[in-house]
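Asks: Take a look at the following structure, please.
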Amino acid sequence: MRHRTLKIDSMIETRFESVAPGNPDPQVISEAAEILRKGGLVAFPTETVYGLGADALNEEAVKKVFIAKGRPQENPLIVHIADRDQLIDLADEIPEKGLHLSKEFWPGPLTLVVRKTFLIPDVVTGGMDTVAIRMPDHPVALALIREFNGGIVGPSANLSGKPSPTTAMHVLEDLRGRIDMVLNAGPVEIGIESTVVDVTVDPPLILRPGGLHKESLEDIVGPVSLAATKEQRKRSPGSVHRHYAPRARVMLVPGGDSAVLGRLLAELRQQGKAVACIVHSREMARVETGSLFRVLPAPIDFYARYLFRTFRELDQEGVDVILVEEVAEQGLGMAVMDRLRKASEATNETS
Ligand code: TXA
Ligand code: MG
Numbered sequence: 000m001r002h003r004t005l006k007i008d009s010m011i012e013t014r015f016e017s018v019a020p021g022n023p024d025p026q027v028i029s030e031a032a033e034i035l036r037k038g039g040l041v042a043f044p045t046e047t048v049y050g051l052g053a054d055a056l057n058e059e060a061v062k063k064v065f066i067a068k069g070r071p072q073e074n075p076l077i078v079h080i081a082d083r084d085q086l087i088d089l090a091d092e093i094p095e096k097g098l099h100l101s102k103e104f105w106p107g108p109l110t111l112v113v114r115k116t117f118l119i120p121d122v123v124t125g126g127m128d129t130v131a132i133r134m135p136d137h138p139v140a141l142a143l144i145r146e147f148n149g150g151i152v153g154p155s156a157n158l159s160g161k162p163s164p165t166t167a168m169h170v171l172e173d174l175r176g177r178i179d180m181v182l183n184a185g186p187v188e189i190g191i192e193s194t195v196v197d198v199t200v201d202p203p204l205i206l207r208p209g210g211l212h213k214e215s216l217e218d219i220v221g222p223v224s225l226a227a228t229k230e231q232r233k234r235s236p237g238s239v240h241r242h243y244a245p246r247a248r249v250m251l252v253p254g255g256d257s258a259v260l261g262r263l264l265a266e267l268r269q270q271g272k273a274v275a276c277i278v279h280s281r282e283m284a285r286v287e288t289g290s291l292f293r294v295l296p297a298p299i300d301f302y303a304r305y306l307f308r309t310f311r312e313l314d315q316e317g318v319d320v321i322l323v324e325e326v327a328e329q330g331l332g333m334a335v336m337d338r339l340r341k342a343s344e345a346t347n348e349t350s
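The sequence shown begins at 0 in numbering that gives the first Met the number 0 and counts up one residue at a time.
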């Protein structure tokens with residue numbers, strides 16, 4: 000499938016500003032908001048990953064986001080808000096279950112897909128009649144949105160197809176010269192993107208598993224389904240594009256299966272490949288040591304927090320293949336497995 004992607008035509012200077020995560024300098028926030036008002040691009044931290052901000056109601060500014068990321072124009076963006084009141088301008092109607100979820104989990108790693116109002120330009124939604132909205136749980140993001148006084152789009156601040164940035168340095172690696180400013184507030188907390196839930200249907204449908212667990216959603220609104228069929232996945236265009244992939248080929252190894260890990264390592268090395276591993280279980284941790292053998296802390300929150308970062312680091316080591324230990328598909332593990340599968344599909348497609 001071919002996607003329409005516009006090319007960047009000139010480089011600009013990217014300002015890098017460090018702020019205290021819990022208490023950002025109002026002067027810096029005010030300058031960042033001014034850049035947004037003028038139609039510029041500012042990368043900002045959220046609790047999930049760093050986002051690339053632009054004025055959601057300024058068509059030209061939103062177009063620049065697609066260009067800077069090299070993102071296919073069909074893939075719609077999330078609008079970030081700081082106050083529930085902002086919903087009135089953006090959403091046409093919010094079903095009861097959507098309201099419950101927003102009251103319970105905002106600010107937090109939950110994105111709601113609702114019917115949009117005419118105010119939102121088509122570039123934001125890829126021409127769809129719905130819009131994705133989220134209130135991030137990060138003082139810097141909230142301060143920026145409040146100071147700007149409007150909704151800002153916020154795709155992950157990476158080049159399209161690369162792992163999402165969990166530090167401001169990752170943003171610079173990908174977008175230096177393409178955006179106006181990066182607000183650095185250190186590493187993010189969750190490390191994996193928000194859960195995207197379509198509440199225009201009942202039961203609500205998870206289009207992308209993420210930082211908020213399915214189980215937590217169900218505690219509030221009862222059964223929730225997970226987009227499984229191709230038709231359902233098409234409702235979230237982002238999930239059918241190449242995604243979350245390091246440059247190296249990613250191969251998955253069943254959790255705890257050190258025999259398979261050992262066999263794959265031997266085979267690949269015999270073929271002359273530079274192989275790295277990302278594991279977490281005790282069984283797997285015993286297989287090897289060394290800088291290309293990364294043992295992430297076992298609790299799933301840590302695995303999620305360090306996964307994208309480890310992909311990027313291993314890419315810089317120039318490895319050919321990354322063998323990754325699978326995790327149990329529950330809680331945050333559902334989102335982690337979703338990203339791992341996409342990374343392995345994407346890298347196998349292109350290799
Ligand atoms: O945690 C996050 O959600 C981060 C931070 C920065 O907020 N943002 C993020 O945005 O991950 P992005 O653009 O990388 O992913 C947005 C996802 C895509 O899969 C996109 O297809 C889907 O949300 N999406 C956006 N608008 C949609 C809509 N109207 N209907 C269905 N899916 C939509
Ligand atoms: Mg993304």
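Quick reminder that beta carbons are idealized off the backbone N, C-alpha and C, glycines included.
Treat the numbers as computed from the prediction; the structure is a model and nothing was measured.
From Glu245 to Glu344, what does the alpha carbon distance come to, in whole angstroms?
Replies: Note on residue identity: the sequence assigns Pro, not Glu, to residue 245. Between Pro245 and Glu344, the C-alpha separation is close to 11 angstroms.
Asks: In this structure, does DSSP put Glu30 in helix, strand or coil?
Replies: In this structure, Glu30 counts as helix in the three-state DSSP scheme.
Asks: If you pair each beta-carbon of the stretch 283-301 with each one of the stretch 201-217, do three or more pairs fall below 8 angstroms?
Replies: No: fewer than three Cβ pairs fall under 8 angstroms.
Asks: Going straight from the alpha carbon of Trp105 to that of His79, what length do you get?
Replies: The alpha-carbon atoms of Trp105 and His79 are separated by roughly 11 angstroms.
Asks: Run the proximity test for Pro154: is its beta-carbon closer than 7 angstroms to any non-hydrogen atom belonging to the ligand MG?
Replies: Flag set: Cβ of Pro154 near the ligand MG.
Asks: Relative to the C-alpha of Glu73, which candidate in Asp84, Val122 and Ile34 has its C-alpha closest?
Replies: Nearest C-alpha to Glu73: Val122.
Asks: Need the endpoints of the beta strand (DSSP E) that Thr129 sits in, please.
Replies: Where Thr129 is concerned, the enclosing beta strand (DSSP E) stretches over Thr129 to Arg133.
Asks: Going by C-alpha to C-alpha distance, which of Arg311, Val278 and Gly126 sits closest to Gly255?
Replies: Nearest C-alpha to Gly255: Val278.
Asks: Across the stretch 89-100 and the stretch 182-190, are there enough close Cβ pairs to call them in contact, namely three or more that are closer than 8 angstroms?
Replies: With the cut-off at 8 angstroms, the stretch 89-100 and the stretch 182-190 do not touch.
Asks: Should the stretch 61-68 be called in touch with the stretch 124-142, which here means at least 3 C-beta pairs below 8 angstroms?
Replies: Contact between the stretch 61-68 and the stretch 124-142 is absent, because fewer than three Cβ pairs lie under 8 angstroms.
Asks: Excluding the 5 residues flanking Thr349 on each side, which residues of the same chain have their C-beta closer than 7 angstroms to its C-beta?
Replies: Here Thr349 scores only 45 on pLDDT, less than 50, and its place in the model should not be relied on; the value that follows carries that caveat. Within the same chain, Thr349 has no close Cβ partners at all.
Asks: For Phe307, I'd like the list of residues in its chain whose CB is within less than 7 angstroms of its CB, leaving aside the five on either flank, ordered along the chain.
Replies: Excluding sequence neighbours, Phe307 sits near Pro162, Ser163, Thr165 and Gly190.
Asks: Please state the DSSP three-state secondary structure of Thr288.
Replies: If DSSP states are grouped into helix, strand and coil, Thr288 belongs with coil.
Asks: How about Glu192: is its Cβ closer than 7 angstroms to a heavy atom in the ligand TXA?
Replies: Yes; taking the cut-off as 7 angstroms, the Cβ of Glu192 has a heavy atom of the ligand TXA nearer than that.
Asks: State the Cα-Cα distance for the pair Met0 and Leu174, rounded to the nearest angstrom.
Replies: With a pLDDT of 44 at Met0, under the threshold of 50, the predicted position of this residue should be treated as unreliable, though the coordinate-derived value follows. Going from the Cα of Met0 to the Cα of Leu174 covers about 26 angstroms.
Asks: Using CA atoms only, rank isn't needed, just tell me which of Leu331, Phe310 and Glu316 is closest to Ala342.
Replies: It is Phe310.
Asks: To the nearest angstrom, how far is it from the Cα of Ile7 to the Cα of Ala67?
Replies: Answer to the nearest angstrom: the Cα atoms are 6 angstroms apart.
Asks: Would you say Arg177 and Glu192 are within 8 angstroms of each other, going by their C-beta atoms?
Replies: No. Outside cutoff.
Asks: Can you check which of these residues, Asn148, Leu111, Leu182 and Glu46, is closest to Val198 by C-alpha distance?
Replies: Selected option, being the one with the closest Cα: Leu111.
Asks: Quick one: give me the first and last residue of the alpha helix (DSSP H) that Gly317 is part of.
Replies: Careful: Gly317 lies outside any alpha helix (DSSP H) and carries neither H nor E.
Asks: Looking at Leu313 and Ala247, is the spacing between their C-beta atoms short of 8 angstroms?
Replies: Their beta carbons are under 8 angstroms apart, which means Ala247 touches Leu313 by this criterion.
Asks: Looking only at its chain, what residues have a beta carbon closer than 6 angstroms to the beta carbon of Ala19, apart from the 5 residues adjacent to it on each side?
Replies: Here the set comprises nothing.
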